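Count along the sequence shown from 1, add 681, and you get the number used in the working numbering.
Note that beta-carbon positions come from the ideal geometry of N, C-alpha and C, so glycine has one too.
No experiment lies behind these values; they were computed from the predicted model shown.
This report concerns only the one structure given below.
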Amino acid sequence: MNTEISSPNGINKIEFGLSKNGSPFYLVKHKGNTIIDTSFMSFDFRNLPSLKYNLEITDVRLNSLDENWEMPWGEQRIVKNNYHEMLVSLRENSPKARKVNIRFKAYDDGIGFRYEFPKQRATDTLIITDENTEFKLTGDHMCWWIPGDWDIYEHLYNSTKISEIDALALKEHVNLAQTFIPENAVNTPITMRTENGLHLSFHEANLTDYAGMTLKVDTKTLKFTSELVGSDRTGYKVKRALPFTTPWRTIQIADKATELIDSKLIVNLNEPNKLGDISWFKPMKYMGIWWEMHIDVASWDYGMEQNENGKWVDTGKAHGRHGATTENAKKYIDFASENNIKGLLIEGWNTGWERWTGFADREGIFDFVTPYPDYDLEEVVNYAKEKGVDIIMHHETSAAPRTYEKQLDTAYKLMHDLGIHAVKTGYVGKIIPKGEYHHGQWMVNHYRKVLETAAKYEVAVDAHEPIKATGIRRTYPNAVSREGLRGQEFNAWSQDGGNPPEHLPIVAFTRMLAGPIDFTPGVFDISLPTKENNQVNTTLAQQLALYVIIYSPIQMACDLPDNYEGQPAFQFVKDVGVDWEQTQVLNGEVGDYVTIEREEKNTENWFIGGITDENSREINLDFGFLTDGKTYDAIIYRDAKDANFKTNPTAIDIEKMEITNSTKLNIVLAEGGGFAISLTLRK
């Protein structure tokens, strides 16, 4: 039987086989060269022998698909989904005769495979203690990685060879309380570059009712092996009734770094939209009563006390620093309404913030329907509607998901009744119940339950401290964004100097491959005068560029209104789109720089952003992508000649000019700098 499959243009090839003792393995070739060498696949179970040896092939079926599907929102409107598929059916040569199928899909931008466990005589439920999927590399490639933390993804990226990966050296996280790194493993996506310049990125797609996958590293044999996030409470990794399928194990393959960003492999490996029409969600820019808390101008809590019945009561001792007041919310709403910003996030509106961290028992702390005394929820919502601004609800769970689940329907019905269609969720802290982790099966199912409940009430979810993005936004397009990385707030309060300039040029080729990011760009007061030991390690021009570089259908203008007032550069934040007809990556190298251009949906306007690391560099722009015969009015925001992220971060030059598709332009980026361009079609 034929046990190999090639991608539609033949560039990528998957070969499958069995060893002499019946162990399944696969390998991957790109342009005829082996890039994943012989890699074995097996499972260990509780109360059952491992499924590893004595397997035989009973059937091989081939299939293919070439379709286009439309994103309701996204980096581009039309996505091409074109692959060749091979389904290999395996049966154990033993009295139990257990069965497993492995489905492979070969795309021109990478490959994916998953395991499918059908109904069978031997058992009706599988308890997986280990999934042992190998990825045998063919060289000591340069990697950009974060540790295989079971609780957070909020680490800086490390740039090392495979042989130099040491995740255990990062076990002591100085900035966050919740973190667990049990062994030398990395989280995905992990991106690497071979000596020949080929780029690979390893991840997973359609993570459903399964544990998140880290990759255990063998630094001597240059091999990764899947290591699922476990549960100390149950003692296993995954429990599933038959039949079921695992998530897809994915490898994006690109001759150039920029092609990784172009790839739509992850979303294509997910099921089509299950929600139908979601026109109730509108991509938008938003502001927030948020940054002022991070820079110590205000606080999340009001200053209430909890009585003997567990209720929060106003004792008249409020400290007066509460940020989420009716008055403050109206100030933000007025500014947003005047500046083409359609949303406002308000954190700290609900009771419980006085005890949200630092306590072992956080169950029952937050009430997701009861506001503080100085915040009139209905008045704020109605005022916002009058001004054309949508309120974004905020639910910080303090990593007590059982408390949250008890209130889900009540809280989301409240949003629906108020006409609120978006919520930011948070999960700061160690997960309760004890022994569960943010990235284990139990929490994966919790995140999905929240998403499905939100869809029932026409609410979109922006999840912080989330499970990683795996393309589920295609199936549930109310999964609009998530954090899942070391974001902007680390610049305000981290103890290690904030995010270095190389951070975002790495993120664009790693975390962003998984899906949209709520990075919260737009800091204009970069020196952070209220935080003596902190500043944002970018120029102002780079903060503008991030609205194009870091994709999300909701983009925050995160700074205070006072810091935007009278700033000419704020015009770009007002103008830039959030929903795109198409995206093109002009240039870039992992960790160094990247330039991206996006055409706004329904307007024919274009926006371009470029960022660099700590090194200054010159970018050559060719506007040949513009429509022939059309003229565009451009506003160019670039680093001034003396700009520098350390010494002069806000120095910016703003220039207006006429541009056509024959225009060429050279732009110099300062250290830690960037540029942004808006191109408005002249009617």
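Taking the beta carbon of residue i as the centre, do at least 16 other beta carbons fall within 10 Å, making it buried, or is it exposed?
{"i": "P953", "result": "exposed"}
{"i": "E973", "result": "buried"}
{"i": "P799", "result": "exposed"}
{"i": "P705", "result": "buried"}
{"i": "Q933", "result": "buried"}
{"i": "D805", "result": "exposed"}
{"i": "E1280", "result": "buried"}
{"i": "L849", "result": "exposed"}
{"i": "P1202", "result": "buried"}
{"i": "L746", "result": "exposed"}
{"i": "P1182", "result": "buried"}
{"i": "I1277", "result": "buried"}
{"i": "K1115", "result": "exposed"}
{"i": "D1260", "result": "buried"}
{"i": "R795", "result": "buried"}
{"i": "D731", "result": "The sequence as given places Ser at residue 731; Asp does not occur at that position. It counts as exposed."}
{"i": "G991", "result": "exposed"}
{"i": "R1083", "result": "exposed"}
{"i": "Q1216", "result": "buried"}
Please tell me whether residue i and residue j are closer than 8 Å, where the distance is taken between their beta carbons.
{"i": "L1369", "j": "G1290", "result": "Nothing can be reported for residue 1369: it is not among the residues displayed for the chain, which extend from 682 to 1364."}
{"i": "Q1263", "j": "Q859", "result": "no"}
{"i": "N762", "j": "E748", "result": "yes"}
{"i": "L1025", "j": "V1062", "result": "no"}
{"i": "F1047", "j": "G1029", "result": "no"}
{"i": "A1173", "j": "L1221", "result": "no"}
{"i": "I673", "j": "P1186", "result": "The first residue shown for the chain is 682 and the last is 1364, placing residue 673 beyond what the model contains."}
{"i": "V1050", "j": "A1092", "result": "yes"}
{"i": "G829", "j": "N868", "result": "yes"}
{"i": "D1273", "j": "D1294", "result": "yes"}
{"i": "S1359", "j": "F1253", "result": "yes"}
{"i": "R930", "j": "G793", "result": "yes"}
{"i": "N1218", "j": "G1269", "result": "no"}
{"i": "D821", "j": "L879", "result": "no"}
{"i": "F1288", "j": "G1247", "result": "no"}
{"i": "R1155", "j": "V910", "result": "no"}
{"i": "A1103", "j": "F962", "result": "yes"}
{"i": "G1355", "j": "Q1236", "result": "no"}
{"i": "A1027", "j": "A1005", "result": "Position check: residue 1027 holds Ile in this sequence, whereas Ala was assumed. Cβ atoms of I1027 and A1005: closer than 8 Å."}
Tell me which same chain residues have a C-beta within less than 8 Å of the C-beta of residue i, skipping the five on either side of it?
{"i": "L1166", "result": "Y834, E835, V1188, R1192, I1198, F1200"}
{"i": "L1241", "result": "W972, E973, V978, D1206"}
{"i": "K1111", "result": "D832, A858, Q859, A1080"}
Can you name, in chain order, every residue of its own chain whose Cβ lies under 6 Å from the Cβ of residue i, other than the five neighbours on each side?
{"i": "S770", "result": "T739, D740, N782"}
{"i": "P1054", "result": "D995"}
{"i": "K777", "result": "A803"}
{"i": "M767", "result": "I686, L743, F785"}
{"i": "F697", "result": "T684, Y707, V769"}
{"i": "K1255", "result": "N1020, N1021"}
{"i": "M722", "result": "P705, T814"}
Take residue i and list the residues in its own chain whose beta-carbon comes closer than 7 Å to its own, dropping the five residues that flank it on each side.
{"i": "Y891", "result": "V919, T927, P928, Q1122, V1125"}
{"i": "Y1128", "result": "A1144, P1147, I1148"}
{"i": "T1007", "result": "D1055, Y1056, D1057, E1060, V1061"}
{"i": "P870", "result": "S882, F883, H884, T1191, R1192, L1194, A1195"}
{"i": "S775", "result": "N735"}
{"i": "L807", "result": "F726, F798, R921, L923"}
{"i": "N951", "result": "A886, N887, G1152, I1153, R1155, T1156"}
{"i": "P1052", "result": "W1030, N1031, L1058"}
Give a single yes or no on whether residue i has its beta carbon closer than 7 Å to a heavy atom of the ligand GDP.
{"i": "I1207", "result": "Absence of the ligand GDP from the depicted structure is noted, as is the absence of any ligand whatsoever, leaving it without description."}
Mind listing, in chain order, the continuous alpha helix (DSSP H) runs of no fewer than 4 residues lying wholly within the region 774-812?
Complete alpha helix (DSSP H) runs here, min 4: none at all.
Three-pair Cβ contact test at 8 Å for the region 835-854 versus the region 1151-1168
Put simply, the region 835-854 touches the region 1151-1168. At least three CB pairs are less than 8 Å apart.
3 or more residues per run - each beta strand (DSSP E) lying fully within the region 1242-1277:
Under the rule that a run must span 3 or more residues, the beta strand (DSSP E) segments found entirely inside the region 1242-1277 read 1261-1270.
Can you check the region 818-877 for any alpha helix (DSSP H) of at least 4 residues that lies completely inside it and give the ranges in chain order?
As far as the region 818-877 is concerned, it has no whole alpha helix (DSSP H) run of at least 4 residues.
Check whether the region 1130-1144 touches the region 874-889, counting contact only when three or more Cβ pairs, one atom from each stretch, lie closer than 8 Å.
No: the two stretches stay apart, fewer than three of their Cβ pairs being nearer than 8 Å.
Across the region 1349-1362 and the region 1321-1340, are there enough close Cβ pairs to call them in contact, namely three or more that are closer than 8 Å?
The region 1349-1362, when compared against the region 1321-1340, does touch it at the 8 Å Cβ threshold.
Taking contact to mean 3 or more Cβ pairs, one atom from each stretch, closer than 8 Å, check whether the region 1303-1318 and the region 1335-1346 are in contact.
The region 1303-1318 makes contact with the region 1335-1346: 3 or more CB pairs, one atom from each, lie closer than 8 Å.
Jot down the residue ranges of each uninterrupted beta strand (DSSP E) in the region 1014-1059, minimum 3 residues, whole runs only, in chain order.
You should have 1024-1027.
Validate contact between the region 987-1007 and the region 950-965 using beta carbons, cut 8 Å, 3 pairs
Verdict: no, contact absent.
Which runs of the beta strand (DSSP E), 3 residues or longer, sit entirely within the region 1117-1170?
The region 1117-1170 contains these whole beta strand (DSSP E) runs: 1141-1144, 1160-1163.
Which runs of the alpha helix (DSSP H), 4 residues or longer, sit entirely within the region 942-973?
The region 942-973 contains these whole alpha helix (DSSP H) runs: 946-949.
Beta strand (DSSP E) runs wholly inside the region 710-780, at least 3 long, in chain order:
Secondary structure remark: continuous beta strand (DSSP E) runs of at least 3 residues inside the region 710-780, in chain order: 714-726, 736-751, 759-773.
Assess contact between the region 1093-1102 and the region 896-909, defined as three or more Cβ pairs (one per stretch) separated by less than 8 Å. Is contact present?
The region 1093-1102 is not in contact with the region 896-909.
Check whether the region 1223-1237 and the region 1263-1281 are in contact - that is, three or more C-beta pairs closer than 8 Å.
Because the criterion of three Cβ pairs below 8 Å is met, the region 1223-1237 and the region 1263-1281 touch.
Enumerate, from N- to C-terminal direction, the unbroken beta strand (DSSP E) stretches of 3 or more residues contained entirely within the region 983-1008.
Fully enclosed beta strand (DSSP E) runs of 3 or longer: not present.
Jot down the residue ranges of each uninterrupted alpha helix (DSSP H) in the region 875-951, minimum 4 residues, whole runs only, in chain order.
Residue ranges of uninterrupted alpha helix (DSSP H) with 4 or more members, entirely inside the region 875-951 and ordered along the chain, are 938-943, 946-949.
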